[in-house]
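In this note's numbering, the protein residues as written are 7 to 151.
Ideal placement from N, C-alpha and C gives every residue a C-beta, glycine not left out.
A short write-up of the structure that comes next.
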């Protein structure tokens, strides 16, 4: 089970009712984690964050520099700008800020999800998330009982 498809299912099931926020937390001992975070943000600069995010999830562990540049081409990105961005670590400050946030929250596992402050560690099936989301929406009065 991968978190990406489940998250997409959640977004489709709750249009306009929830907000998805992703923070970068590249695990320092995982190959290509940092450059993959850079790649997603370099793609964001060209309006293709979610498309790159999907590729990174579905094609992992093939996330070396050459593969990332190839994926950028597949997405129709300006490959020169993309490559310059990842090579110069143009998003290092943003990634470092996300890492510090994770560490300040004693977060050490990915994926970790927060639904109105309720922490969910690891991949879970859609129904697990649905139960929590429905409870939170009912508590906040956004969904009728």
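Own chain partners of residue i with C-beta closer than 7 Å, once the 5 adjacent residues on each side are dropped
i	result
residue 38	69 and 70
residue 132	12, 15 and 16
residue 104	29, 30 and 31
Residue from the options whose Cα sits closest to the Cα of residue i
i	options	result
residue 86	52, 126 and 107	52
residue 66	36, 106, 21 and 79	36
Cβ distance (whole Å) where residue i is taken to contact residue j below 8 Å
i	j	result
residue 58	residue 49	3 Å
residue 28	residue 139	About 17 Å separates the two Cβ atoms, so there is no contact after all.
residue 108	residue 31	5 Å
residue 116	residue 55	At roughly 18 Å, the Cβ-Cβ gap does not stay under 8 Å, so residue 116 and residue 55 are not in contact.
residue 77	residue 101	No, residue 77 and residue 101 are not in contact; Cβ-Cβ is about 18 Å, not under 8 Å.
Proximal residues to residue i (C-beta, below 6 Å), its chain only, five neighbours per side dropped
i	result
residue 16	135
residue 82	none
residue 118	127
residue 10	63
residue 74	45
Residues bridged to residue i [DSSP beta-bridge criterion]
i	result
residue 132	In DSSP, residue 132 forms no bridge with anything.
residue 125	120
Cut-off 8 Å between Cβ atoms - residues of its own chain near residue i, not counting five sequence neighbours on either side
i	result
residue 142	121, 122 and 124
Any alpha helix (DSSP H) of 4 or more consecutive residues that is wholly inside the segment 68–92: Within the segment 68–92, the complete alpha helix (DSSP H) runs of at least 4 residues are 71–80.
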